[in-house]
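Numbering (the working numbering), first residue to last: 4 to 626. Just so it is clear, CB atoms sit at the ideal spot from N, CA and C, and this is done for glycine as well. Here the structure is a predicted model, which is why all the values come from computation and not from measurement. Okay, so here's the structure we're looking at.
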Amino acid sequence: MKHLLSLIILFLSYYTQIQSAELFLEAESFEKKGGWSIDQQFMDLMGSSYLIAHGLGTPVDDATTTANFPQTGTYYIYVRTYNWTSPWYTGDGPGKFTLTIDGQSVKTELGTTGNSWMWQEAGKINIKNTQVKIGLRDLSGFDGRCDAIYFTTNKDILLPVSDKALQEFRNNALKIPSKPQSAGSFDFVVIGGGIAGISAAVSAARLGCKVALVNDRPILGGNNSSEVRVHLGGRIEVGPYKALGSLQKEFGHSRGGNAQPAEFYEDSKKEEIVKKEKNITFFPNYRAISVKMDGKKIKSITAKHIENSQEIELSAPIFSDCTGDGTIGYLAGADYLMGREGRDEFGEDIAPAKADKMTMGASVQWYSKKEEKTSKFPHFHYGINFNDENCEKVTMGEWTWETGMNKDQIKDFERIRDYGLLVVYSNWSYLKNDLKDNSEYKKRKLDWVAYIAGKRESRRLLGDYILKQDDIEKNVFHEDGSATTTWSIDLHFPDPKNSKHFPGNEFKAETKHINIYPYPIPYRCLYSRNIDNLFMAGRNISVTHVALGTTRVMRTTGMMGEVVGMAASLCKKYNTFPRQIYFYHLNALKALMTQGVGNKEFPNNQVFNLGGTLSTPQPFPNR
């Protein structure tokens, strides 16, 4: 009898839920974003992007959309949001916002409570007309965030909490087809639109490949875009293949400097070079979320639009992971390394005695602007306390503002980024409001803070060869040397002074440069050792942590992309895979690297941030 009663109650509860009226809205799909921005950096963890009110302490304009309710009546409102300062502060957070219904604010303040992403109750509303204007109203300018809004007539609804249940809930609510829409078949699919990805796509396209370029932001450039603002590093047109790097002269910016005004990074040049290539189909705003495998080969990738959740499938015989994080390789089951190897593992005396999970961190860059009048900044105190001794008395912060070196750059990345925001705002608040002698800051306004963090290191996918310290420092010859790395061995570590003041919570970094001779990176570092049709270019290639210190800068990764694009064209020509290019067609690849794909008429006006490279050593007699 008890069992029967439980079943009846369960049935009635289920019946009530399916009979209730509901409306599900993804915040990122709002028709007008206002001053809110789409943040897709954590989709791998959340399954969705979200809207963020990144106003630097000034409330941003409302995001609005027109919603069509299934019927009139009383609806209970739930908003999925996050109190982002909760890891460091137990009180109400700064990311305050509210909902508006036809221009009228609901009473509940959102985004200030809890310690994880959660469904926050926002009250109830009587819907008299089925077509309603819904808005997000920012109340602080301090990075309030909204993932989704759910309206239901069922007051006893149980909303999903686990990642899997939440994804099923989203898919059902948005009526996302179980099978993604085909976006076509290509010769070569490149995932990631940073300097490496652009170079790989253009290189392969100019050599006759039908290329798809997938990028999870509206603009290209990755760390070199106006969203992150890191200038290009390393030398081009060096080493045995001096034509490599010439391609970057066509789309690279001509003014140096990190954390500079947006126009310095010339986003339009990157977009133009991609769009004018007839063999490239560009998919902006799509994030790769899964792969289909055929044995040890990738058959296709599925990508989700960061704004409307549309899913598409792209097929090809050859793929290149230019995501930085090695996302495609990871999804495909590729072998990879993450963290620092122990000294004995590869015989590297620079490496720590024992392996650990330390990585180079991510930078949230920022700058201020001097104005004619005194300006104010809100008091911002959320768990990080500054004083005259430990504050940073600066007017801008570039690469040295680096967080997360002791965290997982994949799983903990939202926390890493958020800590970067926290220390920028907290330090600036102290300079403006509490520093004894703040004459330097009274007329300065916080003008730009990145909300997309510039990452240096995460997964490194393993190829047939793993580049290590000895290769570079001893100038070890490899017959498949390709793109030449010239940057010093540049490994970042927590600033000791910053560690003293903020032990375990550092946000400043230092480095010691070990200059190197120009060194050609073996081609075998540019394809996966256990996924047959996967290339990689960027900071995710097959190197040790130590060797990454020289290969990770963007002019160098761009040249890797060129080589990968050339090799992809040979895969098409000979109907083969990346490894076979090394064994059977290396001379053909060398010929393409000698020839290059860049326009030789373009001048090299990118002579900034070249790095301290030693003179080229004399070749060994037996070469």
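Asked, Found
"One or two residues paired with F100 in a DSSP bridge", "L113 and D141"
"N132 - DSSP class collapsed to helix/strand/coil", "coil"
"Bridge-paired residues (DSSP) for I55", "S40 and R148"
"Cβ-based neighbour list, T377, same chain, cut-off 8 Å, excluding 5 preceding and 5 following", "K445 and K446"
"Anticipated Cβ contact below 8 Å, I321 with C574, distance rounded", "5 Å"
"Nonlocal neighbours in the same chain, by C-beta distance under 7 Å from K373, ignoring five residues either side", "K446 and R447"
"The segment 266 to 277 touching the segment 546 to 560, judged by at least three CB pairs closer than 8 Å", "no"
"S32 versus A24, L26 and I41, residue with shortest Cα-Cα distance", "I41"
"D467 burial status per 10 Å Cβ neighbour count (16 or more: buried)", "buried"
"Chain-order list of residues whose beta-carbon lies under 8 Å from that of F605 (same chain, five-residue window excluded)", "S249, K252 and E253"
"Rounded C-alpha distance that separates I492 from A70", "54 Å"
"Cβ pair R290, M539 closer than 8 Å", "no"
"Buried versus exposed call for M296 [16 or more other C-beta atoms within 10 Å across all chains shown]", "exposed"
"A70, DSSP secondary structure in three states", "strand"
"Beta-carbon proximity of A207 to S572, cut-off 8 Å", "yes"
"Distance, D95 Cα to N696 Cα", "Given that the chain is displayed from residue 4 to residue 626, the structure contains no residue 696 and the question cannot be resolved."
"For R290: DSSP bridge partner residues", "K307"
"Contact check, F27 vs A176, beta carbons under 8 Å", "yes"
"G138 beta carbon less than 8 Å from that of T103", "yes"
"Environment of F611 [buried if 16+ CB atoms lie within 10 Å]", "exposed"
"DSSP-derived helix/strand/coil call for Y520", "coil"
"Proximity of I309 and S119 at Cβ, strictly below 8 Å", "no"
"Straight-line gap, S188 to N218 (C-alpha atoms, nearest Å)", "17 Å"
"Touching by the beta-carbon criterion (3+ pairs, under 8 Å), the segment 178 to 193 and the segment 131 to 150", "no"
"R555 and D338 closer than 8 Å at C-beta", "no"
"Beta carbon of V192 nearer than 8 Å to that of A335", "no"
"Cβ separation of L633 and E274, assumed to be a contact under 8 Å, to the nearest whole Å", "Absent from the model: residue 633. The displayed extent of the chain is 4 to 626, so no value can be given."
"D415 to D150 span [Cα, whole Å]", "18 Å"
"Residues sharing a beta bridge with I492, DSSP", "I517"
"Alpha carbon of G237 to alpha carbon of N311, nearest angstrom", "38 Å"
"Within 8 Å, strictly: CB atoms of A203 and C325", "yes"
"Member of D535, N478, K515 and G507 whose CA lies at the smallest distance from the CA of P521", "N478"
"Start-to-end residues for the alpha helix (DSSP H) that takes in I419", "F416 to N436"
"8 Å Cβ cutoff met for I152 and I55", "no"
"Nearest residue (CA-CA) to P221, options Q43, A168 and A246", "Q43"
"Inter-stretch contact (C-beta, 8 Å, three-pair minimum) for the segment 384 to 402 and the segment 344 to 352", "no"
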